[in-house]
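Visitor: To start, I am sharing the structure in question, which I have written as structure tokens.
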């Protein structure tokens, strides 16, 4: 089973918005509303940013939002800040107690 | 404080074995399925293994099936990963993570580094 497809990199200037995509199939992203997004700074553990496609855990700024259309989920970061520079990963449920991971996207704040 | 703390990583020769532990605290450990996720140097996250809340069901990535064994001791609030026949490609930071019912990880440990080298 191949990984979910994410762009290797994305970038934006402070204050701008950037969207990171996560493309799968009808067996994972398209088939379930169980897509989550994680932020990882260098040398740190991943941190949950979005779950169930678009829900935000408490403490995560509302600048982070998630959505899904068909087999592609998206994470949008609005009002980019320097501290948003990190790697971002998507994960989707794929049935039968299985999860599939995205390859990760490095977000650079210019 | 709600946390997961991994231990047991280190340097091991190819073909060797290592046991990782993950201690949970600040929450009811027995209520949650748990996962091991690894990250090779400079690479992305990779699913390794999972175990149900009771320990009755276990799951493995194809890359580790037959070589790794996941287990848990709910009386000690601890998750384990017994790794055998280690290969260079198993070298990674290993994270334990708590799985919520709707298939997302809401709590991660800081990770423990496994180095496989002669």
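Chains as they are written, first to last, in my numbering: chain A, 1 to 110; chain B, 111 to 228. Even for Gly, the Cβ is constructed at its ideal location relative to N, Cα and C.
#1: For a contact defined as C-beta to C-beta under 9 Å, what are the partners of residue 101(A) on chain B?
#2: Taking just the CA atoms, how far does residue 98(A) sit from residue 162(B)?
#3: Per DSSP, which residues does residue 140(B) bridge with? Please list them.
#4: Taking Cβ-Cβ distances below 7 Å as the criterion, which residues of the stretch 31 to 55 of chain A are in contact with chain B?
#5: If residue 66(A) and residue 77(A) are in contact, beta carbons under 8 Å, what's the gap, nearest whole angstrom?
#6: Using the C-alpha atoms, what's the distance from residue 183(B) back to residue 132(B)?
#7: If contacts are defined as beta-carbon pairs under 8 Å, then residue 203(B) and residue 122(B) qualify, I think. What distance do you get, rounded to the angstrom?
#8: So with Cβ pairs under 9 Å, would you call residue 215(B) a contact of chain A?
#9: Using a cut-off of 7 Å between C-beta atoms, extract the partners of residue 89(A) located in chain B.
#10: Does DSSP put residue 52(A) in a helix, a strand or coil?
#11: At what residue ranges does the stretch 181 to 210 of chain B contain a whole run of the beta strand (DSSP E), taking only runs of 3 or more?
#12: Would DSSP call residue 85(A) helix, strand or coil?
#13: Which residues in chain B sit within 8 Å of residue 61(A), going by Cβ to Cβ distance?
#14: Report all residues from its chain with a CB closer than 8 Å to the CB of residue 81(A); omit the five preceding and five following residues, and keep chain order.
Guide: Considering the structure as presented:
#1: 147, 154, 155, 156, 157
#2: 12 Å
#3: Residue 140(B) pairs with nothing; no bridge assigned.
#4: 34, 36, 45, 46, 48, 51, 52
#5: Not a contact, Cβ separation roughly 10 Å.
#6: 10 Å
#7: Residue 203(B) to residue 122(B), Cβ: 14 Å. No contact.
#8: yes
#9: 154, 155
#10: coil
#11: 188 to 193, 202 to 210
#12: coil
#13: By Cβ distance, chain B contributes nothing, its closest Cβ being about 17 Å from residue 61(A), past 8 Å.
#14: 14, 63, 109
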